[in-house]
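A.B. asks: Can you keep this structure in mind? I'll have questions shortly.
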Amino acid sequence: MIEILKDRKKQVFQKGAETGDRGIVCEKASLAGSVSQRACVFCGSRVVLYPIADALHLVHGPVGCAAYTWDIRGSLSSGPELHRLSFSTDLREKEVIFGGEKKLYAALTELIKAYAPKAAFVYATCIIGLIGDDVQAVCKKVQAEQGIPVIPVHSEGFRGTKKDGYKAACEALFRLVVEGGGQPGFPLSINILGDFNLAGETWMIKEYYRQMGIKVVSCITGDGRVDEIRESSRAGLNVVQCSGSMTQLAKMMEETYGLPFKRVSYFGIEDTAEALYSVARHFDDLQVMRKTEELVRSEVNRIYPEVQHYRKALEGKKAAIYVGGSFKAFSLVKALRHLGIQTAIVGSQTGNPEDYEYLKEICDAGTIIVDDTNPLELSRFMMEKDVDLLIGGVKERPIAYKMGAAFCDHNHERKTALAGFEGMLNFCREVYASIMSPVWQFSPARQRRATMEQTFSEEITKAMFST
Amino acid sequence: MLLRHTPETITDRSALTINPAKTCQPVGAMYAALGIHNCLPHSHGSQGCCAYHRSALTRHYKDPIMATTSSFTEGASVFGGQANLVESINNIFTIYSPDIIAVNTTCLSEVIGDDLPQIINKARADGKIPPGKTVIHANTPSFKGSHVTGFANMTSAMVQYLSERSGKKIPQINIIPGYVEPSDMAEMKRISLEMGIKSVLFPDTSGVVNSPLDGKFHMYPKGGATMEAIKSAGDSTFTLALGRTASLPAAKLLDTKCKVPFECLDLPIGLSATDTFVDCLRKTAGVSVPESLMVERGQVVDVLTDMHQYFFGKKVALIGDPDHLVSLAQFLTDMDMEVLYVVTGTPAGPKFVRRIRELTGEKTIVKEGLGVDMFQFHQLIKNAKPDLLFGNTYVKHIARDEDIPLIRMGFPIYDRVGHQYFPITGYRGALRLLEKILEAILDRQDRDAPEESFELVM
Ligand code: SF4
Ligand code: SF4
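So the sequence lines, in the order shown, correspond to chains A and B.
Counted from 1, the first sequence has number 131 at position 131 by the working numbering; the numbering is strictly sequential.
Heads up: take any position in the second sequence, counting from 1, add 1000, and you land on the working numbering.
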């Protein structure tokens, strides 16, 4: 059992254990042969660009990559729904041998004729990188013929992790930004970056800014529109959520247009309030500041009694967090604290050294911090820490249930809005409903826990955390 | 109203798939591999594919689905995946300790041209495969075939690597169940047991992807065909392959390799196909059909008769995997329903088309293989509206747009449960299908009935 842990020892850290001051090793490729929970570059690009609803999204490659990403993410649109269809060039053996450029050209031409999209994104998957199709050239040709931006996204899966996919997506987006660049700016205006309008979250955030008297020029990419993104360089500030996916774009816009950016999180009471205040402070406008204060006060007052009600029931419970981006993890730790829930295990797929340093800071002593974990390891830690709740993604849910732990989905696929003040309430409700569900009385794990002492051996913890 | 974009006029599309009616080979191979006891499926390619395949299976079965990946990077894509696979094999046996690793390729490792048998041999020579442990592989490039082909290929790999002929026949029958749910595999085992027949069923995912909640996380749940059982399949007296697309290749291979004669039948979905299945078991094992099964059969016929007036003339459209479609089309025809469309994205060939027409008549429109997708299915439906749809979860978009009831069947089903636990094969399965169909038809009738004909007894 200890064998498992040896290889990955440096990617695991326990706060307060005798580990000296070592940092966490991260940003490593997953071990070959591991049950990694990580996805690929294509996945990263696809999730970021997907919500642009009036663009065409064509996946160039064999059919699988497109099939698995068909309408799997609940990014809502207030208008067109073109993004929810799944278009694939569905490469066959013949094209793998002779190249797929012709097919790509034909597919693009057909689609643009049929749907008249505002722009087209062409995702190059692994095979394309390998057979060497000149996607760039095909896109250029179609763009010239059809008169809309046709943008290649270099998202060959093997080129890295999801993170590299975010980068590819930002580069693609920047091409749209540049098209409208250089026009005079709007006063008191922002772009919302890094929210993808899962379950309508972008709409909620937008509404806050409306109440604060701030114009939202574009949402990149939740409920996104090509023309709005084209205008985005005219905003006064980029407000970036989810550091992983969109900081790159914000940096590019800063360099090119001098457009400043702020990193925020809309998850949890503190972080949401801080996000709105920091935007208000940026504009240094009395009116805006007053309205922001009003907004935050009335929202917090509105939700607080209900949050307290849940806290009463949940105080003292323990949680494990395993999510894609580490930024999400920060907010979750804080939000759980509001509910009196202690974070016993926290990890991410793509955190960087600074992220983990920050996590170490905000977590309690004894918390286990992991990078790129696998189900076997995660389940052992969960057992050891005896957690009541796991927050994770689709592949983690059944693991939690089998072990008798409650679950809350914090991934692309969730259907409940968790952003903003209302989102905090939804989060509390979901956590409460799952942890307090009467189903657990039937779970052997809980029954065992109630009657038996902890069976997990101290030995493993020791082996794990001695240096 | 997601699909409001879909125009009624069907135009030729040459270069494009819109809303695929299939997925790729590795996911089927991974599912089949889970049907071996203590097996860890391994995806030889980049991480993304494996992550998608595991997500898809997890969503469908709502159970933890374990599989490892070779984690290709740019280097592997240029220099080949040998080093990654050898290292993977070593890590997997050390860390996760399965009895057997079932490797499937992905598009990427196929295009690079990795020679899997050679790499596996190298791993063995290097001492990376501990004594008593096994590594098998299947080639599953997705630019050919579909998830069904992947399932068939991995099932063949089991025969290729594991089945042996000792020269001494064992009185047992092989059942290759086809790409069906764990519940269906369990039902096939139950039927043969009921008939007093010893069977070797493989792959067998029952108990693996529908495992009970016992409060622990099991890397390897209890179910699955054991390696010894699959090995002994070479000594069985007979093989029953169910479903041409998913099961025939393995049955043929077993015949060639170990001289086990076989018969390939339709999947036992519906009354006629189950009759054929039971009859074939009876004949090959030389047993008689027990009373208990006859009671089950009689109950199906009973419901069919009781409710036959509601089936008459109802128009249906089906989309899914070829083996399911054949049997389902027959069942629906037996029930006096009119099969308008039968559509599959999996390449199934002219034999499939002929078989469907044989069962349902010349009027049925059959589409299969290249360039066939959900978009086209939707267009067909706009042209002649059926009363009932059969298909996977994705068809719900069409069902909503056109306001037609949908009966979920096939892969994937992300938005309902039950398929893991209740079979649609065998007589019990036929009963369940009947119930579902009746629910759909009668619910609709109730919904649309004017006050004066809103009936209590139907
Ligand atoms: S690359 Fe091939 S194997 Fe991987 S997801 Fe795409 S179609 Fe499937
Ligand atoms: S790793 Fe490559 S082939 Fe697999 S899903 Fe990602 S892009 Fe597609």
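Glycine residues also receive a C-beta, built at the ideal position from the N, C-alpha and C atoms.
Can you tell me whether DSSP reads residue 1416 (chain B) as helix, strand or coil?
C.D. replies: Working through the second sequence from its first residue, we reach residue 1416 (chain B) at position 416. Three-state DSSP puts residue 1416 (chain B) in coil, outside helix and strand.
A.B. asks: Return yes when the C-beta of residue 64 (chain A) is under 7 angstroms from any heavy atom of ligand 1, and no when it is not.
C.D. replies: If you number the first sequence from 1, residue 64 (chain A) lands on position 64. Residue 64 (chain A): yes, Cβ under 7 angstroms from ligand 1.
A.B. asks: Give me, in chain order, the residues of the same chain whose beta-carbon lies closer than 8 angstroms to that of residue 453 (chain A); leave out the 5 immediate sequence neighbours on both sides.
C.D. replies: As a working note, residue 453 (chain A) is residue 453 in the first sequence. For residue 453 (chain A), the predicted structure reports a pLDDT of 42, less than 50, and the residue's modelled location is therefore unreliable. A value from the coordinates is still provided. Nothing meets the Cβ criterion.
A.B. asks: Taking only three categories from DSSP, how would you classify residue 1176 (chain B)?
C.D. replies: Within the second sequence, the letter at position 176 stands for residue 1176 (chain B). Reduced to three states, the DSSP call for residue 1176 (chain B) is strand.
A.B. asks: Please identify, using Cβ separations under 7 angstroms, the residues of the segment 83-102 of chain A that lie next to chain B, in order along the chain.
C.D. replies: The residues in question are 84, 85, 86, 87, 88, 89, 90, 91, 92, 93 and 96.
A.B. asks: Scan the segment 1226-1254 of chain B for residues whose Cβ lies nearer than 7 angstroms to a Cβ of chain A and list them as they occur along the chain.
C.D. replies: Against chain A - using a Cβ distance shorter than 7 angstroms - the segment 1226-1254 of chain B contributes no residues.
A.B. asks: Run through DSSP, which three-state label would residue 326 (chain A) get?
C.D. replies: Along the first sequence, read from residue 1 onward, the residue named residue 326 (chain A) stands at position 326. Helix.
A.B. asks: Excluding sequence positions up to five away, which residues of its chain have a Cβ less than 8 angstroms from the Cβ of residue 1441 (chain B)?
C.D. replies: For the purposes of this step, residue 1441 (chain B) is taken as residue 441 along the second sequence, with counting starting at 1. Closer than 8 angstroms at the Cβ level, and outside the excluded window around residue 1441 (chain B), lie 1310, 1311, 1314, 1387, 1388 and 1405.
A.B. asks: Mind checking whether residue 1173 (chain B) and residue 1238 (chain B) have CB atoms under 8 angstroms apart?
C.D. replies: Counting from one through the second sequence, the residue named residue 1173 (chain B) turns up at place 173. Counting from one through the second sequence, the residue named residue 1238 (chain B) turns up at place 238. A contact, by the Cβ cut-off of 8 angstroms.
A.B. asks: Is residue 1020 (chain B) near ligand 1 - that is, is its Cβ less than 7 angstroms away from at least one heavy atom of it?
C.D. replies: Walking along the second sequence from the start, residue 1020 (chain B) turns up at place 20. Result no, Cβ not under 7 angstroms from ligand 1.
A.B. asks: Report the residue ranges of all beta strand (DSSP E) runs contained in full by the segment 148-196 of chain A; include only those spanning at least 3 residues, in chain order.
C.D. replies: Correct list: 150-154 and 189-193.
A.B. asks: Please report how far the alpha carbon of residue 191 (chain A) lies from the alpha carbon of residue 1027 (chain B), in whole angstroms.
C.D. replies: Looking up residue 191 (chain A) in the first sequence gives position 191. Looking up residue 1027 (chain B) in the second sequence gives position 27. If you take the alpha carbons of residue 191 (chain A) and residue 1027 (chain B), they lie about 40 angstroms apart.
A.B. asks: Does the beta-carbon of residue 1161 (chain B) have 16 or more other beta-carbons within 10 angstroms, so that it is buried, or is it exposed?
C.D. replies: Along the second sequence, one-based indexing puts residue 1161 (chain B) at 161. By the 10 Å Cβ count, residue 1161 (chain B) comes out buried.
A.B. asks: Express the C-alpha separation of residue 1364 (chain B) and residue 99 (chain A) in angstroms, rounding to a whole number.
C.D. replies: Translated into positions along the first sequence, residue 99 (chain A) becomes position 99. Translated into positions along the second sequence, residue 1364 (chain B) becomes position 364. Their backbone Cα atoms lie some 37 angstroms apart in a straight line.
A.B. asks: Considering only heavy atoms of ligand 4, does any lie closer than 7 angstroms to the CB of residue 1183 (chain B)?
C.D. replies: Annotation note on ligand 4: not contained in the displayed structure, which lists ligand 1 and ligand 2 as its ligands.
A.B. asks: Check residue 1293 (chain B) in the structure and name its three-state DSSP category.
C.D. replies: Counting from one through the second sequence, the residue named residue 1293 (chain B) turns up at place 293. Residue state, collapsed to three classes: helix.
A.B. asks: List in chain order: all unbroken beta strand (DSSP E) runs of 3+ residues lying wholly within the segment 270-331 of chain A.
C.D. replies: Taking only runs of at least 3 residues, the beta strand (DSSP E) segments lying wholly in the segment 270-331 of chain A are 318-323.
A.B. asks: Check each residue of the segment 21-52 of chain A: if its Cβ is closer than 8 angstroms to any Cβ of chain B, include it; give the result in chain order.
C.D. replies: Cβ contacts with chain B come from 29, 30, 31, 32, 33, 34, 35, 36, 37, 38, 39, 40, 41, 42 and 43.
A.B. asks: Only counting the same chain, and skipping five residues up and downstream in sequence, which positions put a Cβ closer than 7 angstroms to that of residue 1381 (chain B)?
C.D. replies: For the purposes of this step, residue 1381 (chain B) is taken as the residue at position 381 of the second sequence. Only 1317, 1398 and 1402 meet the Cβ criterion.
A.B. asks: By the criterion of Cβ-Cβ separation under 7 angstroms, what are the contact partners of residue 1214 (chain B) in chain A?
C.D. replies: As a position in the second sequence, residue 1214 (chain B) is number 214, starting the count at 1. In chain order: 444.
A.B. asks: Tell me which same chain residues have a C-beta within less than 6 angstroms of the C-beta of residue 1371 (chain B), skipping the five on either side of it?
C.D. replies: As a working note, residue 1371 (chain B) is residue 371 in the second sequence. Taken in chain order, the list of residues that qualify is empty.
A.B. asks: Say whether chain B places a C-beta atom closer than 8 angstroms to the C-beta of residue 159 (chain A).
C.D. replies: Taking the first sequence and counting its residues from 1, one reaches residue 159 (chain A) at position 159. Chain B, which has a Cβ nearer than 8 angstroms to the Cβ of residue 159 (chain A), makes this yes.
A.B. asks: Counting C-beta neighbours from all protein chains within 10 Å, is the total for residue 54 (chain A) 16 or more, i.e. buried, or is it exposed?
C.D. replies: As a position in the first sequence, residue 54 (chain A) is number 54, starting the count at 1. With 16 or more Cβ atoms within 10 Å of its Cβ, residue 54 (chain A) is classed as buried.
A.B. asks: In the structure shown, what three-state DSSP assignment does residue 1199 (chain B) receive?
C.D. replies: For this step, residue 1199 (chain B) is matched to residue 199 along the second sequence. Reduced to three states, the DSSP call for residue 1199 (chain B) is strand.
A.B. asks: Provide the residue span of the beta strand (DSSP E) that contains residue 1359 (chain B), from first to last.
C.D. replies: The residue labelled residue 1359 (chain B) in the question sits at position 359 within the second sequence. Where residue 1359 (chain B) is concerned, there is no enclosing beta strand (DSSP E), although the alpha helix (DSSP H) it sits in stretches over 1349-1360.
A.B. asks: According to DSSP, simplified to helix, strand and coil, what is residue 1139 (chain B)?
C.D. replies: Walking along the second sequence from the start, residue 1139 (chain B) turns up at place 139. If DSSP states are grouped into helix, strand and coil, residue 1139 (chain B) belongs with coil.
A.B. asks: Compare the Cα-Cα distances from residue 1257 (chain B) to each of B:1088, B:1025 and B:1157 and report the closest residue.
C.D. replies: Position 257 of the second sequence, counted from the first residue, corresponds to residue 1257 (chain B). Answer by Cα proximity: B:1157.
A.B. asks: Give the residues from the segment 369-403 of chain A that approach chain B closer than 7 angstroms (Cβ to any Cβ), ordered along the chain.
C.D. replies: From the segment 369-403 of chain A, only 375, 376, 379, 394, 395, 398, 399, 401, 402 and 403 have a Cβ closer than 7 angstroms to chain B.
A.B. asks: When the distance is taken between beta carbons, is residue 1356 (chain B) closer than 8 angstroms to residue 1366 (chain B)?
C.D. replies: Taking the first residue of the second sequence as position 1, residue 1366 (chain B) is located at position 366. Taking the first residue of the second sequence as position 1, residue 1356 (chain B) is located at position 356. In this structure, residue 1356 (chain B) lies closer than 8 angstroms to residue 1366 (chain B) by Cβ.
A.B. asks: Provide the residue span of the alpha helix (DSSP H) that contains residue 1190 (chain B), from first to last.
C.D. replies: The count along the second sequence starts at 1 and reaches residue 1190 (chain B) at position 190. Residue 1190 (chain B) -> alpha helix (DSSP H) spans 1182-1194.
A.B. asks: Can you tell me which of A:73, A:94, A:154 and A:64 puts its alpha carbon nearest to the alpha carbon of residue 222 (chain A)?
C.D. replies: To locate residue 222 (chain A), count along the first sequence from 1; it is residue 222. That would be A:73, whose Cα lies nearest to the Cα of residue 222 (chain A).
A.B. asks: Is residue 350 (chain A) buried or exposed, if buried means 16 or more other CB atoms sit within 10 Å of its CB?
C.D. replies: Against the first sequence, residue 350 (chain A) aligns to sequence position 350. Residue 350 (chain A) is buried by the Cβ-count criterion.
A.B. asks: In chain B, what lies closer than 7 angstroms to residue 110 (chain A) by C-beta?
C.D. replies: The sequence position of residue 110 (chain A) within the first sequence is 110, counting from 1. Under the 7 angstroms cutoff, chain B gives 1013, 1015 and 1016.
A.B. asks: In chain B, what lies closer than 7 angstroms to residue 62 (chain A) by C-beta?
C.D. replies: Here residue 62 (chain A) refers to the residue found at position 62 of the first sequence. Here the neighbours are 1024, 1107, 1142 and 1143.
A.B. asks: Quick one: which chain B residues come within Cβ less than 7 angstroms of residue 126 (chain A)?
C.D. replies: In the first sequence, the residue the question calls residue 126 (chain A) occupies position 126. Within chain B, the residues near residue 126 (chain A) are 1046, 1107 and 1108.
A.B. asks: Should residue 127 (chain A) be listed as close to ligand 1, given that the test is whether its C-beta is under 7 angstroms from any heavy atom?
C.D. replies: For the purposes of this step, residue 127 (chain A) is identified with residue 127 of the first sequence, where counting begins at 1. Answer for residue 127 (chain A): yes, Cβ within range of ligand 1.
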